[in-house]
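Asker:
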Amino acid sequence: MTDQNLRLPTRARSGYFFIGLGVLGAVAIALAGCSGSGPFSKKKDPFAGIGSPVWDSAKGPIPKGGGRRHVGNSYQVADIWFHPKHEPSYNKIGVASWYGPKFNRRMTSNGEWFDMEQLTAAHTTMELPSYAKVTNLENGREVIVRVNDRGPFVNDRIVDLSKRAADLLGFRRMGKTKAQVQYIGRAPLQDPDYGHLAAMNDELKRRTPLDQMIAGADLRDGRYGDSRPSYAAARTAVPTNTRAGGYYVQVAAFADPDNAQRTRDSLADLGVVQIKPANGSYGPLYRVRVGPLNNQASAQSALDQVRARGHHDAVVNLAVN
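In structure tokens form, the structure reads like this:
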């Protein structure tokens, strides 16, 4: 996309200029179609002057999930350039704000529908949809949100949260707060009842490390690609090996191969550490595992060492698995 002055409607809200959610879906479509030179053309914006589509309540409850996976090109708002990208190490502190009734039921930048009563958020550069952990640094409260929109485009604000997320973080009445935002990983496109999002917040309550949350939520939500019947079963003791082949310590499963590689490297001193690809319900997973190990004693020893390094959900599987 060429250097264009993209001018968007704004509105005053709570004492500051706010980019309305109603234009964000249009922004994504317009940016995707930008080419050539010259000023931004309303002909390239199918929602110019009317805002993005609104979900018709006659059709039933606002859909959850859906949309498309989207990163997008660099774009400019109010003379500031934003550069969307996949950034696994994203971890920043800034101001969090929130948005609600005026923008409820409108289409987001990746084609989902904004529901102010769900745990969602807008971010200027994070890939969509993604999971992020947001911590209110004023009171210590934290929550996992599904990032499915673009914004906020105001001063030092780094995330715009739904009304529900702002309530849980305890700052809705204040309007904004100092917060830390940490990228976790890609969220599944399909999450009809936001069961996976709920499972992510269960993992947060259990103090699961960020790099293991998605795999843990997969197990809780029944999305994991293997035959294990439940999350609890995945945390059982070392199994009895009735067949030849030995054991593996499964450390974690990652949607991001870079996270898998970093974990593998950190455990290299334990012996053979492998990355084994697997098919998840919304894309590939990369399992990190230690082994093969010859007997139960060595498997238990390796499991203890892996958990001591912070991988508390590691389990031992038979090599035949």
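Letter 109 of the sequence shown, counting from 1, is numbered 101 in our numbering, and no numbers are missing.
We treat Cβ as the ideally placed atom computed from N, Cα and C, and that holds for glycine.
1. Using 10 angstroms around the beta-carbon of glycine 283, count the other beta-carbons present and answer buried if the total reaches 16, otherwise exposed.
2. I'd like to check one pair, glycine 132 with proline 332: are the Cβ atoms closer than 7 Å?
3. Looking at leucine 153: is its Cβ nearer than 7 Å to the Cβ of alanine 113?
4. Please report how far the alpha carbon of glutamine 297 lies from the alpha carbon of glycine 86, in whole angstroms.
5. First and last residue of the alpha helix (DSSP H) that includes serine 49?
6. State the Cα-Cα distance for the pair arginine 164 and asparagine 251, rounded to the nearest angstrom.
7. Name the residue from Val243, Asp71 and Val46 whose alpha carbon lies nearest to the alpha carbon of proline 55.
8. Excluding five sequence neighbours on each side, which residues of the same chain lie with their C-beta closer than 6 Å to the C-beta of glutamate 104?
9. Start and end of the beta strand (DSSP E) containing asparagine 193?
10. Checking 7 Å against the spacing of the C-beta atoms, do isoleucine 344 and lysine 84 come in under that value?
11. Evaluate alanine 294 with the Cβ neighbour count: other Cβ atoms within 10 Å of its Cβ, from every protein chain shown; 16 or more gives buried, anything less gives exposed.
12. Smallest Cα separation from asparagine 271: which of Ala247, Asn193 and Arg97?
13. How should methionine 99 be labelled, buried or exposed, when 16 other C-beta atoms within 10 angstroms of its C-beta is the threshold for buried?
14. So, using beta-carbon positions, are alanine 244 and glutamine 292 closer together than 7 Å?
15. State yes or no: is the C-beta of glutamate 130 within less than 7 Å of the C-beta of lysine 168?
16. Suppose only complete runs of 3+ residues qualify. What are the beta strand (DSSP E) ranges in the segment 107 to 167, listed by chain order?
17. Can you check DSSP and say which residues form a bridge with threonine 169?
18. To the nearest angstrom, report how far apart tyrosine 8 and serine 89 are at their CA atoms.
19. Consult DSSP for glycine 14 and reduce its assignment to one of helix, strand or coil.
Answerer: This is what the structure holds:
1. buried
2. There is simply no residue 332 to check, as the chain begins at -7 and stops at 313 in what is shown.
3. yes
4. 36 Å
5. Per DSSP, serine 49 belongs to no alpha helix (DSSP H) and is neither H nor E.
6. One C-alpha to the other measures close to 34 Å.
7. Nearest option by C-alpha distance: Val46.
8. Gly58, Gly59 and Asn140
9. Segment 187 to 197 is the alpha helix (DSSP H) holding asparagine 193; no beta strand (DSSP E) there.
10. The question about residue 344 has no answer here: the residues shown for the chain are numbered -7 through 313.
11. buried
12. Ala247
13. It is buried - the Cβ of methionine 99 has at least 16 other Cβ atoms within 10 Å.
14. no
15. The answer is no: Cβ separation not under 7 Å.
16. 112 to 114, 122 to 128, 134 to 141 and 149 to 154
17. Ala88
18. The predicted model places tyrosine 8 with a pLDDT of 30, which falls under 50 and marks its position as unreliable, so this point remains unresolved.
19. Confidence in glycine 14 is poor, its pLDDT being 34 and thus under 50, which makes the residue's placement unreliable; the coordinate value appears in the next sentence. If DSSP states are grouped into helix, strand and coil, glycine 14 belongs with the helices.
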